[in-house]
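So the structure is just underneath, and the comments pick up after that.
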Amino acid sequence: MKKKVLIVDDSAFMRRIIRQMVESEPTFEVVGTARDGQEGVELTLKLKPDVITMDVEMPRMNGLEATEAIMAKQPTPILIVSSLTTEGAQATLDALDKGAVDFLAKNLVSSALDVMKIRDELVNKLKLVARSKSALTRIKSSPKKTPGVITPAGPGGTPRKTFATQRMAIVAIGASTGGPRAVQDVLSKLPGSLSTTFVVSVHMPGAFTTAFAQRLNSLSELTVREAVNGEKLQDGVVLVSPGGRQTRVKRRGVTNFTIEISDDPPDSLYKPAIDIMMSSVAEAYPGRSLGVILTGMGHDGLEGMTLIRNKGGKTLVQDEATSTVYGMPKAVIEADMADKIAPIDLIAGEIVNMI
588 MKKKVLIVDD
598 SAFMRRIIRQ
608 MVESEPTFEV
618 VGTARDGQEG
628 VELTLKLKPD
638 VITMDVEMPR
648 MNGLEATEAI
658 MAKQPTPILI
668 VSSLTTEGAQ
678 ATLDALDKGA
688 VDFLAKNLVS
698 SALDVMKIRD
708 ELVNKLKLVA
718 RSKSALTRIK
728 SSPKKTPGVI
738 TPAGPGGTPR
748 KTFATQRMAI
758 VAIGASTGGP
768 RAVQDVLSKL
778 PGSLSTTFVV
788 SVHMPGAFTT
798 AFAQRLNSLS
808 ELTVREAVNG
818 EKLQDGVVLV
828 SPGGRQTRVK
838 RRGVTNFTIE
848 ISDDPPDSLY
858 KPAIDIMMSS
868 VAEAYPGRSL
878 GVILTGMGHD
888 GLEGMTLIRN
898 KGGKTLVQDE
908 ATSTVYGMPK
918 AVIEADMADK
928 IAPIDLIAGE
938 IVNMI
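Written as structure tokens, this is what we have:
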């Protein structure tokens, strides 16, 4: 059965372009288009689509208001289509706060080659967002039954090795789809007195990570900022990997650790790649690092978490019930590389316990 798609955009040109891209995929069917947020809410209630593409800036009712209304009346997976600007980034983060699952930050008017790439990205994100509906429904319908923290057994049910006894000097956090809200939840609950450094990598473009770091800083007792090439790591400071580039942690002597921002490798699927960041953390802080994987698609982070654990560090993973997309956490758990599994509301407390 085809997935039903509703397109909400005040531009007739954009509605037509998005419709053509969506309908080029046999698994989707566009069941309606809306010219503003108010019409989008009305059509959502009437047509009950499986997934919605949502513009942000629209007359009568904007995309933020529409997202909030839809989540209250007819919870539906929403993909925000946003511009690659600072204003667009801030508005998109607001929409994610209100319940949107993911975003597409692209200029849909480009060369033929770029349009094909954007079409593929749009279709792939829509498939992913549509599949997240069960997670959205679970979280909304049963918030009172919060699962607890799980300590998995080793292979064949054997007990796990004992945790490293020395203090964890660094916490490396990775996330993808659903990640902005998850990271906000975690950092907003951490005490400002922690004498640990943090590095966070989320799959986001450059303009978005700048706005994301600023938002996190306003919500957290810790100091949060976007990482800069060459800066030293400090306790109580959270560094957010800039989008579109790779972040590594480098050891420069016994107690000197710095950030390296580069374009290497240039052909990486993810920029920033969680595996690259976490692997560098494992090498720089052997036995003294805590890796945390939150909601996200694919398996980025598995290699890094494996290295962290093999070098004597600890690993913590978000559970399936509270993950928007249970891809990255599942990969770590199935590889038997998760020391602890916890719902998102208990992740911050587990970080404090494990460091």
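So for the sequence shown, the numbering used here puts the first residue at 588; every next one is plus one. Positions of the beta carbon are idealized from the N, C-alpha and C atoms, including for glycine. These numbers were taken from a predicted model, which means no experiment stands behind them.
When DSSP states are grouped into helix, strand and coil, Arg812 belongs to the strand group. Ser669 counts as buried, since at least 16 other C-beta atoms from the protein chains shown sit within 10 angstroms of its C-beta. Counting C-beta pairs with one atom in each stretch, the segment 752-760 and the segment 919-928 have fewer than three that are closer than 8 Å, which means they do not touch. Look at the beta carbons and you see the segment 898-905 not touching the segment 776-789: under three pairs across the two are nearer than 8 Å.
In this structure, the alpha-carbon of Leu634 lies about 8 Å from that of Gly619.
Around the beta carbon of Lys685, 16 or more other beta carbons lie within 10 angstroms, which makes this residue buried. Unbroken beta strand (DSSP E) stretches of 3 residues or longer found wholly inside the segment 812-850: 824-827, 833-838 and 844-849, given in chain order. When secondary structure is reduced to three states using DSSP, Asp906 falls in the coil class, being assigned neither helix nor strand. The DSSP-derived three-state label of Thr640 is strand. Here Ala869 really is in contact with Lys898; their C-beta atoms are around 5 Å apart, less than 8 Å. Taking C-beta separations shorter than 6 Å and ignoring five residues to either side along the sequence, the partners of Gly627 in its chain run Val595, Ala621 and Ala653, following chain order. Straight-line spacing of the CA atoms in Arg802 and Thr672 works out to 15 Å. Taking Ile657 as reference, the option from Gly779, Leu683, Met588 and Ser780 with the minimal CA-CA separation is Leu683. The residue among Arg647, Phe690 and Ala717 with its C-alpha nearest the C-alpha of Met588 is Ala717. Gly874 and Ala687 have their alpha carbons spaced roughly 37 Å apart. Gly765 and Ser910 do touch by the CB rule: their CB atoms are close to 7 Å apart, below 8 Å. Contact annotation, Leu666 with Lys712: C-beta distance approximately 6 Å; criterion of less than 8 Å satisfied. For Ser669, the enclosing beta strand (DSSP E) covers residues Ile665 to Ser669. Non-local beta-carbon contacts of Asp772 in its own chain, meaning distances under 8 Å to residues more than five positions away in sequence, involve Ile931, Asp932, Ile934 and Ala935 in chain order. Looking at the backbone, the Cα of Ile863 and that of Ser828 are separated by about 11 Å.
It is roughly 17 Å from the alpha-carbon of Pro646 to the alpha-carbon of Glu674. Looking only at Tyr913, Leu881 and Leu894, the smallest Cα-Cα distance to Ile938 is reached by Leu881.
The DSSP-derived three-state label of Asp597 is coil. Per DSSP, the continuous beta strand (DSSP E) segment holding Gly619 begins and ends at Phe615 to Ala621. Closest in alpha carbon position to Asn816, among Ala599, Thr810 and Leu826, is Leu826. DSSP places Val758 in the uninterrupted beta strand (DSSP E) bounded by Ile757 to Ala762. One thing to note: Arg832 has its Cβ within 8 Å of the Cβ of Ser849.
Within a 10 Å sphere around the beta-carbon of Ser611 sit fewer than 16 other beta-carbons, which makes this residue exposed. Thr842 places its beta carbon 8 Å or farther from that of Leu820.
Rounded to the nearest angstrom, the Cβ distance from Val643 to Thr679 is 7 Å, consistent with a contact under 8 Å. The DSSP-derived three-state label of Lys591 is strand. The continuous alpha helix (DSSP H) containing Leu806 extends over residues Gly793 to Leu806. As computed with DSSP, Tyr913 is found in a beta bridge with Gly883.
For Leu889, the uninterrupted alpha helix (DSSP H) run begins and ends at Leu889 to Asn897, by DSSP.
The bridge partners DSSP lists for Val789 are Ala762.
In the DSSP assignment, Ile928 falls within the unbroken beta strand (DSSP E) covering Lys927 to Ala929.
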